[in-house]
Each structure stands twice: as structure tokens, then as C-alpha cells.
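What follows is a single structure, written as C-alpha cells, with notes after it.
2 protein chains.
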Amino acid sequence: MSVYTSVSTAELAQWLQRYALGELVELKGIAAGITNTNYFVTTTHGRYVLTLFEVLQLDELPYFLELKSHLARHGVACPAPIADHNDHFASLLAGKPACLVSCLDGHDVAAPNAAQCYAVGEMLAQMHKASSTFPRRMRNPRGPEWWSRTAAALYPQLPAADAASLRSEIAFQDSHRFDFLPQGVIHADLFKDNVLMDGDRIAGFIDFYYACNDILLYDLAIALNDWARDVQGDIDAELARAIIAGYQSIRPLTEEERKAWPVMLRAAALRFWVSRLLDFYRPASGEMTYTKDPGVFQRLLEAHRARQDFWL
Amino acid sequence: MSVYTSVSTAELAQWLQRYALGELVELKGIAAGITNTNYFVTTTHGRYVLTLFEVLQLDELPYFLELKSHLARHGVACPAPIADHNDHFASLLAGKPACLVSCLDGHDVAAPNAAQCYAVGEMLAQMHKASSTFPRRMRNPRGPEWWSRTAAALYPQLPAADAASLRSEIAFQDSHRFDFLPQGVIHADLFKDNVLMDGDRIAGFIDFYYACNDILLYDLAIALNDWARDVQGDIDAELARAIIAGYQSIRPLTEEERKAWPVMLRAAALRFWVSRLLDFYRPASGEMTYTKDPGVFQRLLEAHRARQDFWL
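Line by line, the protein sequences are chains A and B. The opening position of the first sequence corresponds to residue 1 in the UniProt record's numbering, with each subsequent residue numbered one higher. The opening position of the second sequence corresponds to residue 1 in the UniProt record's numbering, with each subsequent residue numbered one higher.
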């Protein structure tokens, strides 16, 4: 259960007066989300999701909320933030920055089929195209500089073999530069639990709080590393081909992107290996119960290193 | 059936490439709407309404489409226009300005109940509040200057008694100025057929193509004159009180608005009497089958003149 901040119906009813959404009917906590508090809010007009941000500050939210608004306005499946009468998407509630977004149908899937992987690839490419007119910029806070710095702090705590593997991969990635590849707004965390599916149709991408401006191909690699990963932890070739085919149905990869693809898959695995190592060895308070196995991405990275066929 | 402009699936499929909405699945004409051509468009991502504008030009659309986008962003129930990859809401299709909007549930009601009237009044006030931050401006093309000019051209064709009644009302309205009353964006045509209801809930206001900046109270009068009008053509007091109560639950009327209310109800009846007279005596080609009885608003106006109780 991830309701960290309690909101009373009385204070919510008062806060809702700043919106055009009618009267509060029901408030119900949502048992999902790791770093934020989420509620379903039903009013006389409809159903919304209320998010209270436990880490992000009010002045850090415009990039993410305006991005979602921009994408929703272009028909990309994602929750649409609701603006209040001051034309703001967020304001303080119970002492936390808070926002309301439209409520989507659908739910996440644990074991996607090829049609669902195709749909994810297609919608990801639509998101990349539609965000080309989004005017705000955000650098990736989890880029090469971050993983190098984080790894350096972790080496003393890691088993020697793991430290050597990590050090070697970071050196390998440092020897590759991708600044020349197509860039734009990336979701940067498009795992299975961040997509709501309605059958084989995408009901919505959610949880845009790692979104930033970076290399588009990197976003596809992050998504593939989760969506096409089977229960043994390696990549299912059929699912991998489906997500790539869906993506290319909208935005065919360039020759340079195709050349960079094997290294990019490793970069995407490295980024989550490092963040999971960080969560494992230095858990933030309140997140301990959600710590996920870093070994998943270490093994995937090592499988990528040994691989010959990258499904292109 | 109001499909004036035919669109082929081939040309629509091509045009849809400029959007992030997936592949065309089905195209189906809509038998509603007087001055525009409407279709339901189903794609692999969802269902939308396509409008081809038969009268409005491309450069006249931004006020209306950006207004709907602004209202939808604030949670006011209305169709949300979809932006294309150039960030435009409209472009040419089959030689006509065309746009896509989200598809709403619900349908219009011919004989609303008091709860529905309350909901319409409430949502109208929400619309008025939410549009206070809308930056564009549009003068009312159907204001006093228009009805005076239009009536002058019609007098020679009208029966003498009708002409006298019309002339007298215009003189009466000319003797009242309302510039001091609260102004903002008004729908200006919120009749029963321009609201989709889902039970007693508003699914959406539609058809914003008379929207403009004018006196807010005038918008309430226009809506009440249609929503609360009974089969005899006079106002049902219970429905009238419901729509006013719904409106005031969000934006209580000022003392000056309460004083102006009886005259405003007459102004709202006059505006539609004149436009229906114009349609009756000078029908535009293609609209002849939709000409509505001008006498409805003449009789309502005369009932307002004789009235003592205005449901406030």
C-alpha cells in the first residue's frame, strides 16, 4: 500500500473547490506506486486520480505535467492532468504538491503477448513523434555521469566479480558516444507496470516522472529490456521483434541507430542494474519493501554482451 | 443526414498519418449537425469525431478549438480537440477545414428533468469560471448590432403585428445597457441538442461555434429559454429554478445581475427569434430542411414580457 500521506475527505472537498470538477463523492487509496501517494477521487462529474508527490517539489512538476498534457492533447494514450481555476496543474494539499489526472481504463499485464508488445512499440514511437513540438527541456538525471558516480560509491560494497563486471561495462559505455542519434522526449521507465492495457490496446502510459530529453533509441531499449524479458530473465525473440516492429511502423530506425542498437540495449540494462544496486545497498526510507533484485539486470546485461542476434 | 462533404477512407487514412492516432478502422457518417459534416472515425487507438467545416474557414477555427481544448484541460465536459504532429488542431481534408475531437458518451435529451437542468446550470457556471483564464477574445457576431440590422432587413417581409412587436422589443433592449455585468466566454447556443447527457450527468457540451466573449448572464438566459421550455412553449418553473440553482451553486448571481435578469431573458429570446426569422425568410442553401419555427421565440418573448415571477 503506498498511501504515505493521508488526506481527509474534508480537506480534499475544500481543495476541490479550486477545480471545475463538481462535488466530492468518494476518496479511495490506491495500492500501487512506490514514491508517490495515489488516490481514486470520484466527484459528481467523474473519476480522477489524485497524486501527492512525496519527493518531487512543486517547482519540479511543470515538465512532467505539461508533458502529459501535451501528449494527451495529441491523442497519445496517457492520463491528462486537470488544470485548476488558476490554470495550474498542481498545488499543495496536505502539505504536499498534488495534482489530479483523468482516470484511465485498463490494467498492467505481467506476461504480455506479441500483439501487446507491438502496441507498446507503436505507442512509444507515437509518443516520440508527438513530443517533438513539446517546448520544455529536462536533462536525464540518470545518465552516464550519474551511473559512473553512483557505481564509484558502490564498488567498495560489491562482491569483487560484480564490481569488475560493472566497472568494465561503464568503461565500455564511456568508449561509445551517441550524441549524433535522434533525440527527443523519452519516458525512460516504460516497464510493464507503467503501461495500462485494455486487451491488446494501450489504455495509457503512466508514471512519467523519469521523463527527460535523451536519445530516442535508448527509450526503446529500456522498454524492450522489460517487455520482452521472459521468466528466465533473458529476452524472448518473438516479443523483442514485435516491440521493434511496432516502433518501426511509425518511426523506422536510421542506419546509425541500427548500428548503435546492441550497445544501447546494454546501456539500458546498466542504468537499471545501477539504480537497483543503489536501492539494495542504500535503501531510501519508506522504499525498503519495494527493493527489486539488481541481479536481473546484471544477468540481462551479460546476456546482451554474449548475444549475436539483436532482432533487427 | 448532414454529410455534405464526402471523405473517402483512402484520403482519410492518408490524412490520419499526421496524427498519433494509429490506423483507420472505420469511417461512419453522423446524422446530426446543421452546418458542418460529421463522421465517427475509429482507429486502432480509439474513437473520434471528425468535423469538416462547411462555412468556417481555417483561420477562424483557433478560437473555438483552443477554447474546447482549454475547457477539456480544466475538466469541463466537452470534446477535446486532438493536435496533429505540427501541433495544429485543424487542417484541410477534402478541401475543407477539418478537425478531430475525442468521442463522448451520452446523447441529447428532448424532455429534461430537474436534475438534468441543475447539472446543465452547474456545468455552465463551471465553464464560465474555467474560461476566465482563456486568453483569446471573440466579439459576439449575433449581438444587438446584428439583431437590429437583421430585423431592419426583415420588417418589410413580416406581418405588421410581428414587425411592430419586434421593433418594440429592439427599442426596449436598446434602452438597456449591460456592459457593467460580469463578462467572459459564453457558449451562446446551449440548447438541449448541444448537450450530451449520460443519465443525469453531463457527458459534454458540444457545438461551440457560436462561443464568444459576452455577458455571462446572457448565456444562462439562452440555456434556460430552451432547457426549461415546456411543450406549450412557456417556461416550466421547476426546471427554471433547477437550472438557476445549479448555476448559483458555483457562481452566485450579483445583485446587479438579478436586477437585469428579466430583461436578459427577453434579449436571449429576441436573439433566436431574429435568427429563426432570418432562416425562415432567407434560408441558406442546404439548410432549408432544418428551418425551425420562429414563432416559438416570439411567443416566449411575449410571455417573458407579461411575466411577474422570474424564478430567482
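All residues carry an ideal CB built from backbone N, CA and C; glycine is no exception.
Less than 8 Å separating the beta-carbons of B/Ile222 and B/Ala268? yes
Taking the alpha carbon of B/Thr150 as the point to measure from, which residue in B/Leu278, B/His107 and B/Ile30 has its own alpha carbon closest? B/Leu278
Anyone know if the C-beta pair for B/Tyr247 and B/Leu220 falls short of 8 Å? Yes, they are a contact pair.
Does the beta carbon of A/Ser69 come closer than 8 Å to any beta carbon on chain B? Closer than 8 Å: yes.
Any C-beta of chain B sitting closer than 8 Å to the C-beta of A/Tyr63? no
For chain A, is any of its Cβ atoms less than 8 Å away from the one on B/Ala303? no
Going by alpha carbons, who is nearest to A/Pro79 out of A/His70, A/Val101 and A/Ser91? A/Val101
Sequence-distant residues of the same chain with beta carbon closer than 6 Å to B/Met288, five excluded per side: Unreliable positioning characterises B/Met288 in this predicted model, as indicated by a pLDDT of 48, which lies under 50. The coordinate reading is nonetheless provided below. In the same chain as B/Met288, and ignoring 5 residues on each side of it, no C-beta atom comes closer than 6 Å to its own.
Would you list the one or two residues that DSSP bridges to B/Arg47? B/Thr42
How would you write the range of the alpha helix (DSSP H) that A/Gln308 sits in, first residue to last? Run containing A/Gln308: none; DSSP gives neither H nor E here.
Are the beta-carbon atoms of A/Gly184 and A/Leu224 separated by less than 8 Å? no
Are the C-beta of B/Leu21 and some C-beta of chain A separated by less than 8 Å? yes
Taking 8 Å as the CB-CB cut-off, is B/His74 touching chain D? Absent from the structure: chain D. Protein chains present are A and B.
Given a cut-off of 8 Å, decide if B/Ala10 and B/Tyr118 are closer than it, judged by their beta-carbon atoms. no
Rank B/Ser175, B/Gln298 and B/Val263 by C-alpha distance to the C-alpha of B/Trp273 and give the top, closest one. B/Gln298
Alpha carbon to alpha carbon, how far is A/Tyr209 from B/Arg229? Going from the Cα of A/Tyr209 to the Cα of B/Arg229 covers about 51 Å.
Proximity of A/Leu61 and A/Met127 at Cβ, strictly below 8 Å: no
For A/Met288, three-class secondary structure by DSSP: In this prediction, A/Met288 scores a pLDDT of 48, lower than 50, which makes its location untrustworthy; the coordinate-derived value is nonetheless stated afterwards. Correct three-state label for A/Met288: helix.
Of all the CB atoms in chain A, is at least one closer than 8 Å to the CB of B/Gln126? Yes, B/Gln126 counts as interfacial toward chain A.
Mind listing which residues of the stretch 200–221 of chain A have their C-beta closer than 8 Å to chain B's C-betas, in chain order? Look at the stretch 200–221 of chain A: the residues with a C-beta under 8 Å from a C-beta of chain B are Arg201 and Ile202.
Measure the alpha-carbon distance for A/Phe53 versus A/Tyr4 and round it to whole angstroms. Taking the CA atoms as reference points, A/Phe53 sits about 10 Å from A/Tyr4.
Straight-line CA distance for B/Pro159 to B/Phe191? 28 Å
Consult DSSP for A/Arg201 and reduce its assignment to one of helix, strand or coil. strand
Reduced DSSP secondary structure (H/G/I, E/B, other) of residue 325 of chain A: Nothing about residue 325 of chain A can be reported from this structure: the residues present for chain A run from 1 to 312 only.
Opposing strand residues paired with B/Ile235 [DSSP bridges]: B/Arg229
Mind checking A/Gln173: buried by the 16 CB within 10 Å criterion, or exposed? With 16 or more Cβ atoms within 10 Å of its Cβ, A/Gln173 is classed as buried.
Give the residues from the stretch 134–154 of chain B that approach chain A closer than 8 Å (Cβ to any Cβ), ordered along the chain. Those would be none; no residue qualifies.
What number of angstroms, rounded off, separates the C-alpha of A/Thr133 from the C-alpha of B/Ala260? 47 Å
Whole-angstrom C-beta distance between A/Leu92 and A/Leu58, which should lie under 8 Å: 7 Å
Between which two residues does the alpha helix (DSSP H) holding A/Leu16 run? Thr9 to Leu16
Report the residue from A/Ile235, A/Pro283, A/Tyr218 and A/Ser168 whose alpha carbon sits nearest the alpha carbon of A/Val296. The residue with the shortest Cα to Cα distance from A/Val296 is A/Ile235.
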